[in-house]
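I have placed the structure first, in the form of structure tokens, so that the comments after it can refer back to it.
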Amino acid sequence: MEDAEDKLGGILFAVYGIMGAVASEVGPIAGEAIVVDRDWRWTFWLTAMLVGMCFMAMVSVPETYEPEIRRKMLKLPRRNLWHFLALAFARPVRMLLTEPIIFPTAAIVTMGQVVVFVFYASYPLVLVRVYQFTPYQVGLAFIPLMIGSLLALPIILVVMKRRQKISNPQPEDSLPAASIAGILLPVSLFWLAWTARTNIHWICPLIAGAFYGLAFALSQLVYPLYKNEIYGAELGASSFAVDVAMRYTFSCVFPLFTIQMVNHIEFEWTISLCAFLLLVLAPVPFILQRYGPALREKSRYVQKKERSNPHDTAIA
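Quick note: the sequence shown uses our numbering, first residue 1, plus one each step.
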């Protein structure tokens with residue numbers, strides 16, 4: 001993951017991050033349409049074809065990671081397997097256990113994606129039971145989530161533009177967007193949970209989904225950018241690895257018991273439980289804005305980044 005310091009790099013990273021959030025919301029829209037028009041097997045055939053196309057595209061992409069480019073230019077020996085495993089697994093775990101910034105921010109992005117995966121299982125139940133939606137309409141119900149996530153892009157670009165005008169920008173300058181997300185995440189979930197009723201029009205809970213999509217995309221982008229700026233490209237990649245590992249580990253587990261939760265404690269309390277968890281995490285961006293500089297000063301990984309020079313990074 002490259003340092004997003006220059007304007008173009010920041011814009012590209014923002015688009016990349018937003019598309020990651022949008023992809024998780026486009027899937028149900030396309031998937032339901034394919035299942036209705038064809039059958040469920042075609043969802044896997046189409047996924048396999050898209051993965052194959054992405055793999056071929058990745059093979060043709062040149063190396064862009066600066067330390068690796070320098071290593072090749074200097075003709076330094078390749079890192080052995082144990083060194084690779086230490087970087088890929090041991091360092092992210094150490095950072096998770098020792099860096100006070102890593103766990104709470106990773107928990108927020110993880111819980112944000114967990115809720116989207118909970119929607120995969122709970123949306124069909126509640127929308128069919130309460131509003132008699134067809135499977136195709138259930139897929140379309142994810143469109144507000146997608147629209148909300150796309151609206152996060154101009155907000156992020158405005159934040160980046162404002163930072164460029166600051167003479168001495170700090171990593172915490174991007175956290176106001178995360179603060180907005182921290183408030184919207186639980187609020188939109190409570191809104192969704194308690195308005196999905198027969199006496200309330202279906203548009204009301206779906207609008208709540210749009211606000212959740214906005215907050216979800218903001219949190220998925222701001223925190224990786226924040227940590228990448230703190231730790232630099234190489235250490236920032238390790239912090240990002242923590243995010244990815246936690247996100248997909250928990251996201252793939254929650255849908256396994258979401259249907260049982262909805263059947264036993266109803267949709268309202270299933271979504272409210274997620275909202276309460278995000279409510280506990282809501283103060284995190286405000287705390288980081290206040291105490292982030294002090295935490296960075298005490299971080300041995302930040303100190304390591306500041307002591308390192310380009311040659312050290314190349315051979316690390």
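The C-beta atom is built at its ideal place from N, Cα and C for all residues, glycine as well.
- With respect to the 8 Å criterion, I155 and L218 are classified as neighbours on the basis of their beta carbons.
- If you draw a 10 Å sphere on the C-beta of T110, you find 16 or more other C-beta atoms in it, and that means buried.
- Put simply, the backbone Cα of L175 is about 29 Å away from that of V253.
- The beta carbon of R296 is closer than 7 Å to those of I230 and V302 in its chain, skipping five residues each way along the sequence.
- Residue environment for T258: buried (at least 16 other C-beta atoms within 10 angstroms of its C-beta).
- Beta-carbon to beta-carbon, P224 and D243 are separated by about 6 Å, close enough to satisfy the 8 Å threshold.
- Distance from the Cα of L277 is smallest, within the candidate group P135, I183, R91 and F13, for I183.
- Annotation for W202: Y131 place their beta carbon closer than 6 Å to its own, counting only its chain and skipping 5 residues before and after.
- It is roughly 20 Å from the alpha-carbon of S60 to the alpha-carbon of R71.
- Counting only runs that start and end inside the region 34-64, the alpha helix (DSSP H) elements of at least 4 residues fall at 41-60.
- The region 144-222 is shown to contain no whole beta strand (DSSP E) run of 3 or more residues.
- Between E172 and G292 the beta-carbon gap is near 5 Å, inside 8 Å, which marks them as a contact.
- Approximately 4 Å separates the beta-carbon atoms of A275 and L189; this is inside 8 Å, confirming the contact.
- Here S272 carries a helix assignment [DSSP, helix/strand/coil].
- Contact between K227 and I101 holds: CB atoms are separated by about 7 Å, below the 8 Å threshold.
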